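*Asks:*
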DNA sequence: AGATTGACAGACCAACTGGTTTGTTATTAA
DNA sequence: TTAATAACAAACCAGTTGGTCTGTCAATCT
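Protein chains in written order, with this note's numbering: chain A, 5 to 206; chain V, 5 to 206.
#1: For a test of your reading of the model: does the CB of residue 82 (chain A) fall under 7 angstroms from any non-hydrogen atom of the ligand FAD? Yes or no.
#2: Would residue 184 (chain V) pass as an interface residue toward chain A - the criterion being a Cβ-Cβ separation below 8 angstroms?
#3: For chain A, find out if any of its Cβ atoms is closer than 8 angstroms to the Cβ of residue 63 (chain V); answer yes or no.
#4: Nearest-angstrom Cα distance between residue 102 (chain V) and residue 80 (chain V)?
#5: Could you confirm whether any beta carbon from chain V is found closer than 8 angstroms to the beta carbon of residue 180 (chain A)?
#6: Does any C-beta atom of chain V lie closer than 8 angstroms to the C-beta of residue 168 (chain A)?
#7: Is there a C-beta anywhere in chain A that falls below 8 angstroms from the one on residue 207 (chain V)?
#8: Where does the unbroken alpha helix (DSSP H) through residue 52 (chain V) begin, and where does it stop?
#9: Per DSSP, what kind of secondary structure is residue 165 (chain A) in: helix, strand or coil?
#10: Report all residues from its chain with a CB closer than 6 angstroms to the CB of residue 6 (chain V); omit the five preceding and five following residues, and keep chain order.
#11: Residue range of the alpha helix (DSSP H) that residue 99 (chain V) falls in?
#12: How far does the alpha helix (DSSP H) with residue 140 (chain V) in it extend, from its first residue to its last?
#13: Quick one, are the C-beta atoms of residue 117 (chain V) and residue 29 (chain V) less than 8 angstroms apart?
#14: Taking residue 200 (chain V) as the query, report the chain A residues whose CB atoms sit under 7 angstroms from its CB, ordered along the chain.
#15: Between which two residues does the alpha helix (DSSP H) containing residue 120 (chain A) stretch?
#16: I think residue 147 (chain V) touches residue 180 (chain A), with their Cβ atoms under 8 angstroms apart; what is that distance to the nearest whole Å?
#17: May I ask you to list, following chain order, the residues of the region 122–135 of chain A that have a beta carbon less than 8 angstroms from some beta carbon of chain V?
#18: Specify, as a first and last residue, the run of the alpha helix (DSSP H) that residue 27 (chain V) falls within.
#19: Since I believe residue 83 (chain A) is in contact with residue 143 (chain A) (beta carbons under 8 angstroms), could you give me their beta-carbon distance rounded to a whole number of angstroms?
#20: Apart from the five residues just before and just after residue 129 (chain A), which ones in its own chain have a Cβ nearer than 6 angstroms to its Cβ?
#21: Do residue 56 (chain V) and residue 62 (chain V) have their CB atoms nearer than 8 angstroms?
#22: From residue 138 (chain V) to residue 194 (chain A), what does the alpha carbon distance come to, in whole angstroms?
#23: Does the beta carbon of residue 165 (chain V) come closer than 8 angstroms to any beta carbon on chain A?
#24: If we count the other Cβ atoms within 10 Å of its Cβ and call it buried at 16 or more, is residue 8 (chain A) buried or exposed?
#25: Look at the Cβ atom of residue 158 (chain V), then the Cβ atom of residue 68 (chain V), and state whether they are nearer than 8 angstroms.
#26: Distance check for residue 107 (chain V) and residue 198 (chain V), CA to CA, integer angstroms please.
#27: What distance in whole Å lies between the Cβ atoms of residue 134 (chain A) and residue 184 (chain V), which are believed to be in contact at a cut-off of 8 angstroms?
#28: What in chain V is Cβ-close to residue 112 (chain A), meaning under 8 angstroms?
#29: If I'm right that residue 188 (chain V) touches residue 119 (chain A) with Cβ under 8 angstroms, what's the distance once you round it to whole angstroms?
#30: Which term fits residue 165 (chain V), buried or exposed, when burial requires 16 or more other beta carbons within 10 angstroms of its beta carbon?
#31: Are the Cβ atoms of residue 24 (chain A) and residue 36 (chain A) separated by less than 8 angstroms?
#32: Could you work out which residues of chain A lie near residue 189 (chain V), taking near to mean beta carbons separated by less than 7 angstroms?
#33: If we ignore side chains and look at the alpha-carbon of each, how far apart do residue 90 (chain A) and residue 127 (chain V) end up?
#34: On the DSSP letters alone, give me the boundaries of the alpha helix (DSSP H) that residue 85 (chain A) sits inside.
#35: Anything in the region 13–38 of chain V with a Cβ closer than 8 angstroms to a Cβ of chain A? List those residues in chain order, please.
#36: Measuring alpha carbon to alpha carbon, tell me which residue in V:178, V:167, V:32 and V:151 is nearest residue 59 (chain V).
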């Protein structure tokens, strides 16, 4: 009984998921190759199809077990602490901007990438992805609704619509940067986004 | 010499381009199958590879000869007539919204779709696509700069940044709707976009 | 009219790809 | 200890896919 067992099924499965997530981020789901995942993990077909019934099942697992928790941790949970939505959001985005390296700017948002590629192609993907967007939207909408109650957010606004627009704008900006690889595009548009968010304060 | 020649190379080539454009819109470039284009057009491999050197060459031609002219006609040329950028843009978007059917809402913006999928994968695609974005950006930026000169647009703004942000926001909104198929998402975010554009007037 | 060439048709191919099958070994329950 | 099973390894397979090759026929040029 060694410290690190030769056979560690949970770890094996997780390695497949992590590598697959990276591959999808780079090539998209359609560009994801099972063989490539095996090459990177050093596993074989037997191992893969022991853990996953199909490539589609892997895709589902990547969404449910990698992408979703990642979004919740990075973009949903933090919003629950917002008390002054506009100012807290600006501060939050500033910090996210600093943690962003040029490489990430090139690959874009994994959630949006999958959305654009897969939602028209596979309903089972679309529904899973939509549930993640909804989590984010709800958290952001709630933050602004709280702000309206405590007087930090203008009461003439619709928190629901604001959340929809903000998410769209943020993803739009990230999406633009996939093509213009420089960070200038990001910061120019980000400047306007900041102005807009500031205009929401009461 | 019949009225419609049996062999009409220009028409044949154009049919391939049109069908390929539709297929890319539905499945993406990676999901585009040469065989599917042949099936729809009723042509054969011989015909296809007579007109295009490769699948990649077809992709390039679709961008240069279908997508680019379409964007120029629909989203670049009209902006040149703007005299009061914010109000003209709102009116322009309202009209575009009315012409939009649910089907288009599901497929998204062809330019943005290709951007998200291909710009990290193929530099030759990225450069072609970037040149189209640039055309749109310049037209929009110029419209706002003109507005600043003639007093319809606030002078404290950066026309360049505004154009970047607006394009990002518009594409972001369209992108969100690919996942939430209903038009409600579109109109909620659109409402905020309208408010923002109005806030740019002098 | 005859030769040349452009515009296809369609059989063919090699590489790739997701998936299956059979076999082997480590782990675990009885 | 041993039987059962989970966790793989690896050869194999069939369908797909982009691309090639040879041939045919119509248009054009001389």
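All C-beta atoms, glycine included, are put in the ideal place defined by N, C-alpha and C. The model shown is predicted, which means the values in this text are computed figures rather than measured ones.
*Replies:* Looking at the coordinates:
#1: Ligands displayed in this structure: none; no statement on the ligand FAD is therefore possible.
#2: On the second chain, position 180 is the one that residue 184 (chain V) refers to. Yes, its Cβ sits closer than 8 angstroms to a Cβ of chain A.
#3: Start at 1 with the first residue of the second chain, and residue 63 (chain V) comes out as number 59. Answer no: the Cβ-Cβ gap between residue 63 (chain V) and chain A never drops below 8 angstroms.
#4: For the purposes of this step, residue 102 (chain V) is taken as the residue at position 98 of the second chain. For the purposes of this step, residue 80 (chain V) is taken as the residue at position 76 of the second chain. Each residue's Cα considered, the two are about 19 angstroms apart.
#5: Position 176 of the first chain, counting from 1, holds the residue named residue 180 (chain A). At least one chain V Cβ lies under 8 angstroms of residue 180 (chain A).
#6: On the first chain, residue 168 (chain A) is found 164 positions in, with the first residue counted as 1. Cβ-Cβ to chain V under 8 angstroms: yes for residue 168 (chain A).
#7: Missing from the structure shown is residue 207 (chain V); chain V here goes from 5 to 206 and no further.
#8: Here residue 52 (chain V) corresponds to residue number 48 of the second chain, with the count starting at 1. Looking at the DSSP string, the run of the alpha helix (DSSP H) that includes residue 52 (chain V) is 49–55.
#9: Counting from one through the first chain, the residue named residue 165 (chain A) turns up at place 161. DSSP places residue 165 (chain A) in helix when its eight states are reduced to three.
#10: Sequence index remark: in the second chain, residue 6 (chain V) carries index 2 (1-based). At residue 6 (chain V), the pLDDT of 37 sits below 50, so the modelled position is not reliable and the matter cannot be decided from this model.
#11: What you label residue 99 (chain V) is simply residue 95 of the second chain in a count that begins at 1. Note, residue 99 (chain V): alpha helix (DSSP H), 89–103.
#12: For this step, residue 140 (chain V) is matched to residue 136 along the second chain. Residues 127–154.
#13: Taking the second chain and counting its residues from 1, one reaches residue 117 (chain V) at position 113. Taking the second chain and counting its residues from 1, one reaches residue 29 (chain V) at position 25. Taking 8 angstroms as the Cβ cut-off, residue 117 (chain V) and residue 29 (chain V) qualify as a contacting pair.
#14: Locating residue 200 (chain V) in the second chain gives position 196, counting from the first residue. Simply 200.
#15: One-based indexing of the first chain puts residue 120 (chain A) at position 116. 114–122 is the extent of the alpha helix (DSSP H) around residue 120 (chain A).
#16: Sequence index remark: in the second chain, residue 147 (chain V) carries index 143 (1-based). Sequence index remark: in the first chain, residue 180 (chain A) carries index 176 (1-based). Going by Cβ atoms, the distance from residue 147 (chain V) to residue 180 (chain A) rounds to 18 angstroms, so no, they are not a contact pair.
#17: 123, 124, 125, 130, 133 and 134
#18: Numbered from 1 along the second chain, position 23 holds the residue referred to as residue 27 (chain V). Unbroken alpha helix (DSSP H) run through residue 27 (chain V): 13–31.
#19: Within the first chain, numbered from 1, the residue matching residue 143 (chain A) stands at position 139. Within the first chain, numbered from 1, the residue matching residue 83 (chain A) stands at position 79. Confirmed, about 4 angstroms.
#20: In the first chain, residue 129 (chain A) corresponds to position 125, counting from 1. Around residue 129 (chain A): 122.
#21: One-based indexing of the second chain puts residue 56 (chain V) at position 52. One-based indexing of the second chain puts residue 62 (chain V) at position 58. Their beta carbons are under 8 angstroms apart, which means residue 56 (chain V) touches residue 62 (chain V) by this criterion.
#22: Taking the first residue of the second chain as 1, we reach residue 138 (chain V) at position 134. Taking the first residue of the first chain as 1, we reach residue 194 (chain A) at position 190. Approximately 18 angstroms, taken between the alpha carbons.
#23: To locate residue 165 (chain V), count along the second chain from 1; it is residue 161. Closer than 8 angstroms: yes.
#24: Counted from its first residue, the first chain places residue 8 (chain A) at position 4. Note on residue 8 (chain A): pLDDT 49, under 50, position unreliable in the model; no value is reported.
#25: Here the question's residue 158 (chain V) lines up with position 154 in the second chain. Here the question's residue 68 (chain V) lines up with position 64 in the second chain. Result no, Cβ atoms of residue 158 (chain V) and residue 68 (chain V) do not sit closer than 8 angstroms.
#26: The count along the second chain starts at 1 and reaches residue 198 (chain V) at position 194. The count along the second chain starts at 1 and reaches residue 107 (chain V) at position 103. About 23 angstroms.
#27: Against the second chain, residue 184 (chain V) aligns to sequence position 180. Against the first chain, residue 134 (chain A) aligns to sequence position 130. Right, their Cβ atoms sit about 6 angstroms apart.
#28: Taking the first chain and counting its residues from 1, the one referred to as residue 112 (chain A) is at position 108. Those are 120 and 124, listed as they occur along chain V.
#29: On the second chain, position 184 is the one that residue 188 (chain V) refers to. On the first chain, position 115 is the one that residue 119 (chain A) refers to. Residue 188 (chain V) to residue 119 (chain A), Cβ: 17 angstroms. No contact.
#30: Taking the second chain and counting its residues from 1, the one referred to as residue 165 (chain V) is at position 161. Flag for residue 165 (chain V) reads buried.
#31: By one-based count along the first chain, residue 24 (chain A) stands at place 20. By one-based count along the first chain, residue 36 (chain A) stands at place 32. In this structure, residue 36 (chain A) lies closer than 8 angstroms to residue 24 (chain A) by Cβ.
#32: The sequence position of residue 189 (chain V) within the second chain is 185, counting from 1. Going along chain A in sequence order, the residues near residue 189 (chain V) (Cβ under 7 angstroms) are 168.
#33: Position 86 of the first chain, counted from the first residue, corresponds to residue 90 (chain A). Position 123 of the second chain, counted from the first residue, corresponds to residue 127 (chain V). Cα-Cα distance, rounded: 38 angstroms.
#34: The residue given as residue 85 (chain A) occupies position 81 in the first chain. It is not in any alpha helix (DSSP H) - residue 85 (chain A) carries neither H nor E in the DSSP assignment.
#35: 30, 31, 32, 34 and 35
#36: For the purposes of this step, residue 59 (chain V) is taken as the residue at position 55 of the second chain. Comparing Cα positions, the closest option is V:32.
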